[in-house]
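**Q** The working numbering applies: residue 9 is where the sequence shown begins, and numbers increase by one. Using N, Cα and C, we set each Cβ at its ideal position, and we do this for glycine too.
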Amino acid sequence: MSVLKEMFRNLLSKPFTILYPKEPVPIPDRFRGRVAIRDEKCIGCSKCSVVCSVQCISMVDSPKEIEFKDKILMRKKKPQLKLFRCIRCGLCERHCPTGAIYLKNELSDSGTDREVVVI
Ligand code: SF4
Ligand code: SF4
Numbered sequence: 009m010s011v012l013k014e015m016f017r018n019l020l021s022k023p024f025t026i027l028y029p030k031e032p033v034p035i036p037d038r039f040r041g042r043v044a045i046r047d048e049k050c051i052g053c054s055k056c057s058v059v060c061s062v063q064c065i066s067m068v069d070s071p072k073e074i075e076f077k078d079k080i081l082m083r084k085k086k087p088q089l090k091l092f093r094c095i096r097c098g099l100c101e102r103h104c105p106t107g108a109i110y111l112k113n114e115l116s117d118s119g120t121d122r123e124v125v126v127i
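1) List, from N- to C-terminal side, the alpha helix (DSSP H) runs of 4 residues or more that fit wholly inside the region 65–127.
2) Excluding the five sequence neighbours on either side, which residues of its own chain have a C-beta within less than 8 Å of the C-beta of Leu115, listed in chain order?
3) Pull up the CB-CB distance for Leu111 and Arg96, whole angstroms please, since I reckon it's below 8 Å.
4) Measuring alpha carbon to alpha carbon, tell me which of Asn113, Thr120, Cys64, Ile127 ends up nearest Asp37.
5) Between Val125 and Leu99, is the Cβ-Cβ spacing less than 8 Å?
6) Quick check on DSSP: helix, strand or coil for Val62?
7) Within the continuous alpha helix (DSSP H) that includes Val11, where are the two ends?
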């Protein structure tokens, strides 16, 4: 009896599912989305690469002058990240001293090519 009641109630109610990507999905605050890097803020310290839980960040040559705490530093390397190996744990963002690497508050693309990189 209760099953029939439930069936009739559901027949008259709106669906719970969302037609993504046609309809936008609500994204909660502090959502851990796609990783991005602000190149102009990166001092090349390698902390993100050391703490990454799945070792998807490697440091590549990228000499550049970077302003940090009122000084000009000469960066030698910058991170390069395998996008679809990243599990979006947020450790890189938490340990980056300059806020250069961060997780966007938006959905990540999906893909199977494990060699796609973010630089
Ligand atoms: S969010 Fe991704 S890139 Fe950053 S530490 Fe976690 S797995 Fe590594
Ligand atoms: S992104 Fe941040 S933690 Fe990674 S090398 Fe640059 S400054 Fe260091």
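**A** Considering the structure as presented:
1) The region 65–127 contains these whole alpha helix (DSSP H) runs: 99–103.
2) Against the sequence shown, residue 115 aligns to sequence position 107. For Leu115, where only same-chain residues beyond five positions count, the Cβ hits under 8 Å are Val33, Ile35, Gly41, Arg42.
3) The residue labelled residue 111 in the question sits at position 103 within the sequence shown. The residue labelled residue 96 in the question sits at position 88 within the sequence shown. About 6 Å; that satisfies the 8 Å criterion.
4) Mapped onto the sequence shown, residue 37 falls at position 29. Measuring from the Cα of Asp37, the nearest candidate turns out to be Asn113.
5) Locating residue 125 in the sequence shown gives position 117, counting from the first residue. Locating residue 99 in the sequence shown gives position 91, counting from the first residue. Cβ atoms of Val125 and Leu99: not closer than 8 Å.
6) Here residue 62 refers to the residue found at position 54 of the sequence shown. Of the three classes helix, strand and coil, the one that applies to Val62 here is coil, per DSSP.
7) As a working note, residue 11 is residue 3 in the sequence shown. 10–20 is the extent of the alpha helix (DSSP H) around Val11.
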